[in-house]
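Residue numbers (the working numbering), protein chains in the order written: chain A, 38 to 150; chain B, 1448 to 1562.
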């Protein structure tokens, strides 16, 4: 079953506004990662947050993790047109049967100038 | 660092032909991944190598797909014979450690069209 599911599927905002994307998952995880994908390009890693962390920042990005609700959010503050991209969460799991990194289906963010 | 390098960027071929996709991972990375991305199925892991050894190939669709990693700096994904449903963007990614606990570095992909 799909581990990470992003919400919303698509988001359209004006430049300068904040954008919030959510990710929910079903099983316990070791970490959660967020990636960005510009059209026609590969995914680019943004932030990795471990299961014992609650919040991480990187520039205009803020990621929160709530393991009790099995959810994470990515906040982009003061958005720019260049932030237009698809954003994916990926859950990292280490089990006795092996490790897995499972990607969600992504949120398409459009920032209008 | 040049990043993960994939070739070709675009491949158009006819059904039944053999297709070979190539990947050069980032030097020093010991994990390599092949993913396939389509609108319908999203991003799917095809195969994962660690230290040049295939660890998980459960995502390889069928026997028409094969992947090799003869050394730490090169990997290939081969489809023989190709079918129209194989049309997708194929990504190679590498990572300095195990697949679940460190960031993946993606190439820019190969867009495969099978007619």
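A virtual CB, placed ideally from N, CA and C, is assigned to each residue, including glycine. Remember, it's a predicted structure, so these values are computed and weren't measured experimentally.
{"Item": "Where residue 1511 of chain B falls: helix, strand or coil (DSSP)", "Value": "coil"}
{"Item": "Which of helix, strand or coil DSSP assigns to residue 1532 of chain B", "Value": "helix"}
{"Item": "Cβ of residue 1550 of chain B within 8 Å of any chain A Cβ", "Value": "yes"}
{"Item": "Per DSSP, the bridge partner or partners of residue 220 of chain A", "Value": "As displayed, chain A neither begins before 38 nor continues past 150, which places residue 220 of chain A out of reach and without an answer."}
{"Item": "Three-state secondary structure assigned by DSSP to residue 76 of chain A", "Value": "coil"}
{"Item": "Identified DSSP bridge partners for residue 58 of chain A", "Value": "A:111"}
{"Item": "Residue 1503 of chain B to residue 1477 of chain B span [Cα, whole Å]", "Value": "14 Å"}
{"Item": "Boundaries of the beta strand (DSSP E) in which residue 1495 of chain B is found, first to last residue", "Value": "1489 to 1497"}
{"Item": "Neighbouring residues, chain A, relative to residue 1489 of chain B (Cβ below 8 Å)", "Value": "140, 141, 142, 143"}
{"Item": "Start and end residues, beta strand (DSSP E) containing residue 1551 of chain B", "Value": "That residue, residue 1551 of chain B, is in no beta strand (DSSP E); it is neither H nor E in DSSP."}
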